[in-house]
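Colleague: This is the structure I want to talk about, given as structure tokens.
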Amino acid sequence: MKKIIILLFVFMVSLLYFSITAIPLTQIMSMVNIPKNIIPEQPSGTIFNGSFSAVTFNKHRIENVKTSLNIGDLLLLNTSFNITGDYINGKIKLKIGIKDKQTQITNLTYENSLQNLLSNWNLDLITTAGKAHFSIKKIILEKNRLKYIAGNIDILRLNIESPSKLQLGDVHINITTSQQDEKIKIDNTSDSNQIQISGMTVFNILKKTYKTAIKINPKQKLDNQLISILRLFAKQESDNKFIFKKKGKVNF
633 MKKIIILLFV FMVSLLYFSI TAIPLTQIMS MVNIPKNIIP EQPSGTIFNG
683 SFSAVTFNKH RIENVKTSLN IGDLLLLNTS FNITGDYING KIKLKIGIKD
733 KQTQITNLTY ENSLQNLLSN WNLDLITTAG KAHFSIKKII LEKNRLKYIA
783 GNIDILRLNI ESPSKLQLGD VHINITTSQQ DEKIKIDNTS DSNQIQISGM
833 TVFNILKKTY KTAIKINPKQ KLDNQLISIL RLFAKQESDN KFIFKKKGKV
883 NF
């Protein structure tokens, strides 16, 4: 009798598992209220292994999107999806979960060339070379408002090719958030044979303000054209030192 009960239980669990995994993704989406800032296109597959031709989030379009959901997470009522896709010719990977009007994005990784990332910025006077690697541990959005972010951005072999050649080396950016006063702090450092850069930017989430200060210390004499460009946005403190300061409002 005991064996029959165990076999019956295993059969019921297996039947439930295969029934759930066979539910089409389109059917699930028709039952869910999707936020207006998320626009999925051409869903296919199931809730556990699905795909979209593209997903647009706050005007950021990710193409060839693949999604997966772990059965263990579902049993624990943790509906966090693993997502991979193409964003501006680079590969993006992340885990996203929505619970109690709060969206959490974790383990976001993304790598791309600076040329691709800056292609829409209309930087007519400046061309760059190098590669950027994003490793964001956690992002928390509440009612589409940024509440928390932590991670690192590494820009490798950053070179400005024109109008003057300048090697900035590897730029390391560290992002932290203080949940007590809701302030995001961004530290950035760069060091090469030509120039050293260090600075900090602080965003106040509640007041929606920012303040930034970046020191630029060339290690060798810069040409006049490059000095003229630096003077456009930075204050020259001495013959070979500049500082960039700015503060203002920002929408999170």
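Count the sequence shown with this note's numbering and you get residues 633 to 884, in order. For each residue, glycine too, the CB sits at the ideal point set by N, CA and C.
If you reduce the DSSP assignment to three classes, tell me which class Asn856 lands in.
Modeller: Here residue 856 refers to the residue found at position 224 when the sequence shown is read from its first residue. In this structure, Asn856 counts as helix in the three-state DSSP scheme.
Colleague: With C-beta atoms as the reference, is Gln736 less than 8 Å away from Ile772?
Modeller: Your numbering for residue 736 matches position 104 in the sequence shown. Your numbering for residue 772 matches position 140 in the sequence shown. Their beta carbons are under 8 Å apart, which means Gln736 touches Ile772 by this criterion.
Colleague: Around the C-beta of Thr658, are 16 or more other C-beta atoms found within 10 angstroms, so that it is buried, or is it exposed?
Modeller: Counted from its first residue, the sequence shown places residue 658 at position 26. Exposed, by the Cβ-count rule.
Colleague: Using CA coordinates, which residue listed in Lys815, Arg789 and Met832 is at the minimum distance from Lys779?
Modeller: Working through the sequence shown from its first residue, we reach residue 779 at position 147. Minimum Cα distance to Lys779 is reached at Lys815.
Colleague: Going by C-alpha distance, which of Leu800, Asn739 and Ser860 is nearest Ser767?
Modeller: Against the sequence shown, residue 767 aligns to sequence position 135. Here the closest residue by C-alpha is Asn739.
Colleague: Within the same chain, show all residues whose beta-carbon is closer than 6 Å to that of Lys769, passing over the 5 residues directly before and after it, in chain order.
Modeller: Taking the sequence shown and counting its residues from 1, the one referred to as residue 769 is at position 137. Excluding sequence neighbours, Lys769 sits near Ala782 and Gly783.
Colleague: Note the first and the last residue of the continuous beta strand (DSSP E) segment covering Ile724.
Modeller: Within the sequence shown, numbered from 1, the residue matching residue 724 stands at position 92. Run containing Ile724: Gly722 to Lys731, per the beta strand (DSSP E) assignment.
Colleague: Is Ser751 helix, strand or coil by DSSP?
Modeller: Start at 1 with the first residue of the sequence shown, and residue 751 comes out as number 119. In the structure shown, Ser751 sits in coil (DSSP, three-state: anything other than H, G, I, E or B).
Colleague: Which parts of the stretch 773-856 are runs of the beta strand (DSSP E), unbroken and 3 residues or longer, counting only runs that do not cross its ends?
Modeller: Runs of the beta strand (DSSP E) inside the stretch 773-856: 777-794, 798-810, 815-823, 827-836 and 841-850.
Colleague: Determine, for Asn721, whether the minimum Cβ-Cβ distance to residues of chain E falls below 8 Å.
Modeller: In summary, chain E is missing from the structure at hand, where a single protein chain is found.
Colleague: Sort out for me which residues DSSP pairs Gly677 with in a bridge.
Modeller: Working through the sequence shown from its first residue, we reach residue 677 at position 45. DSSP, once it has assigned bridges, lists Gly682 as partnering Gly677.
Colleague: Can you check which of these residues, Ser824, His804, Leu798 and Thr809, is closest to Gln888 by C-alpha distance?
Modeller: No answer is possible for residue 888: the residues shown for the chain start at 633 and end at 884.
Colleague: From Lys723 to Ile715, what distance separates their C-alpha atoms?
Modeller: In the sequence shown, the residue the question calls residue 723 occupies position 91. In the sequence shown, the residue the question calls residue 715 occupies position 83. Their backbone Cα atoms lie some 11 Å apart in a straight line.
Colleague: Count the other CB atoms, across all protein chains shown, that sit within 10 Å of the CB of Ser751; report buried if there are 16 or more and exposed otherwise.
Modeller: Working through the sequence shown from its first residue, we reach residue 751 at position 119. When all chains shown are included, Ser751 counts as exposed.
Colleague: Taking Ile670 as the reference, which of Lys775, Ile861, Leu800 and Phe874 has the closest Cα?
Modeller: Counted from its first residue, the sequence shown places residue 670 at position 38. Ranking the options by Cα distance to Ile670, first place goes to Lys775.
Colleague: Need the endpoints of the beta strand (DSSP E) that Ile655 sits in, please.
Modeller: Residue mapping note: residue 655 aligns to position 23 of the sequence shown, counting from 1. Ile655 -> no beta strand (DSSP E), and no H or E assigned at all.
Colleague: So, are the CB atoms of Ile694 and Gly717 less than 8 Å apart?
Modeller: Within the sequence shown, numbered from 1, the residue matching residue 694 stands at position 62. Within the sequence shown, numbered from 1, the residue matching residue 717 stands at position 85. For Ile694 and Gly717, yes; Cβs fall inside 8 Å.
Colleague: Identify which residue in Phe835, Leu854, Ile655 and Val803 has its Cα closest to the Cα of Thr809.
Modeller: As a position in the sequence shown, residue 809 is number 177, starting the count at 1. Checking every option, the nearest Cα to that of Thr809 belongs to Phe835.
Colleague: Going by DSSP, what residues sit across from Leu701 in a beta bridge?
Modeller: Walking along the sequence shown from the start, residue 701 turns up at place 69. Looking at the DSSP assignment, Leu701 forms a beta bridge with Phe713.
Colleague: Which residue comes first and which comes last in the beta strand (DSSP E) that contains Ile666?
Modeller: Taking the sequence shown and counting its residues from 1, one reaches residue 666 at position 34. Segment: none, Ile666 is in no beta strand (DSSP E) and carries neither H nor E.
Colleague: Nearest by alpha-carbon distance to Ile655: which of Pro675, Lys668 and Asn665 is it?
Modeller: To locate residue 655, count along the sequence shown from 1; it is residue 23. The shortest C-alpha separation from Ile655 is found at Pro675.
Colleague: Relative to the alpha-carbon of Asn690, which residue among Ile861, Leu790 and Pro667 has its alpha-carbon at the smallest distance?
Modeller: Taking the sequence shown and counting its residues from 1, one reaches residue 690 at position 58. Per the Cα distances, Pro667.
Colleague: When DSSP builds the beta bridges, which residues end up paired with Gly880?
Modeller: On the sequence shown, position 248 is the one that residue 880 refers to. According to DSSP, which records beta bridges pairwise, Gly880 is partnered with Tyr842.
Colleague: Take Asn820 as the anchor and find which of Asn806, Gln828, Tyr719 and Ile660 has the nearest alpha-carbon.
Modeller: For the purposes of this step, residue 820 is taken as the residue at position 188 of the sequence shown. Of the listed residues, the one whose Cα sits closest to Asn820 is Asn806.
Colleague: Do Ser685 and Glu673 have their CB atoms nearer than 8 Å?
Modeller: Position 53 of the sequence shown holds residue 685. Position 41 of the sequence shown holds residue 673. Cβ distance < 8 Å, so Ser685 and Glu673 count as in contact.
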